[in-house]
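Following: one structure in structure tokens, then a few remarks.
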Amino acid sequence: MENSTETACRICGYDDSDALFDEYGVPQYVICPCCGNESGLGDDSVSQVRELRGLWVATGAPWAEPGMRPDDWDVLRQLTAVPPQWR
Numbered sequence: 016m017e018n019s020t021e022t023a024c025r026i027c028g029y030d031d032s033d034a035l036f037d038e039y040g041v042p043q044y045v046i047c048p049c050c051g052n053e054s055g056l057g058d059d060s061v062s063q064v065r066e067l068r069g070l071w072v073a074t075g076a077p078w079a080e081p082g083m084r085p086d087d088w089d090v091l092r093q094l095t096a097v098p099p100q101w102r
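Under this note's numbering, the first residue of the sequence shown is numbered 16, with each subsequent residue one higher.
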């Protein structure tokens with residue numbers, strides 16, 4: 016059986032390997048240090064995810080926790096990590 020635990024943020028693609036949704040799809044209510052979204056709140060439909068992502072990008076893709084932003088961070092590269100079903 017394939018592990019279906021989600022670790023990448025559905026909004027911005029940030030992935031630090033912490034489970035955001037368990038293997039049953041249950042949200043773990045983890046706040047993303049990049050976009051600030053809390054898993055399980057507003058990210059349960061593709062339309063909501065796209066809207067939140069658009070708002071985040073439109074405001075300059077600010078980090079919720081700026082001190083965690085890597086020096087070589089690239090928003091476009093990170094967005095490629097968004098799970099395909101949430102793009």
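A virtual CB, placed ideally from N, CA and C, is assigned to each residue, including glycine.
By a C-beta neighbour count over all protein chains shown, 10 Å radius and 16 as the cutoff for buried, is residue 54 buried or exposed? Within the sequence shown, the letter at position 39 stands for residue 54. So residue 54 counts as buried.
Suppose you measure from the CA of residue 22 to the CA of residue 97; what does that come to, to the nearest Å? Along the sequence shown, one-based indexing puts residue 22 at 7. Along the sequence shown, one-based indexing puts residue 97 at 82. Going by the C-alpha atoms only, they are around 10 Å apart.
Would you check if the distance between the CB atom of residue 79 and the CB atom of residue 99 is smaller than 8 Å? Within the sequence shown, numbered from 1, the residue matching residue 79 stands at position 64. Within the sequence shown, numbered from 1, the residue matching residue 99 stands at position 84. Judged by beta-carbon spacing, residue 99 lies beyond the 8 Å limit of residue 79, meaning their Cβ atoms are not closer than that value.
Tell me where the alpha helix (DSSP H) around residue 56 begins and ends. The sequence position of residue 56 within the sequence shown is 41, counting from 1. For residue 56, there is no enclosing alpha helix (DSSP H), as DSSP marks it with neither H nor E.
Anyone know if the C-beta pair for residue 52 and residue 70 falls short of 8 Å? Looking up residue 52 in the sequence shown gives position 37. Looking up residue 70 in the sequence shown gives position 55. Taking 8 Å as the cut-off, the Cβ atoms of residue 52 and residue 70 do not count as close.
Backbone CA spacing between residue 25 and residue 86 [nearest angstrom]: One-based indexing of the sequence shown puts residue 25 at position 10. One-based indexing of the sequence shown puts residue 86 at position 71. Put simply, the backbone Cα of residue 25 is about 22 Å away from that of residue 86.
Per-residue DSSP class, three states only, for residue 81: Taking the sequence shown and counting its residues from 1, one reaches residue 81 at position 66. Residue state, collapsed to three classes: helix.
Check the C-beta distance from residue 33 over to residue 45 and give it rounded, since I have them as a contact under 8 Å. Numbered from 1 along the sequence shown, position 18 holds the residue referred to as residue 33. Numbered from 1 along the sequence shown, position 30 holds the residue referred to as residue 45. Right, the Cβ-Cβ distance comes to about 6 Å (below 8 Å), so this counts as a contact.
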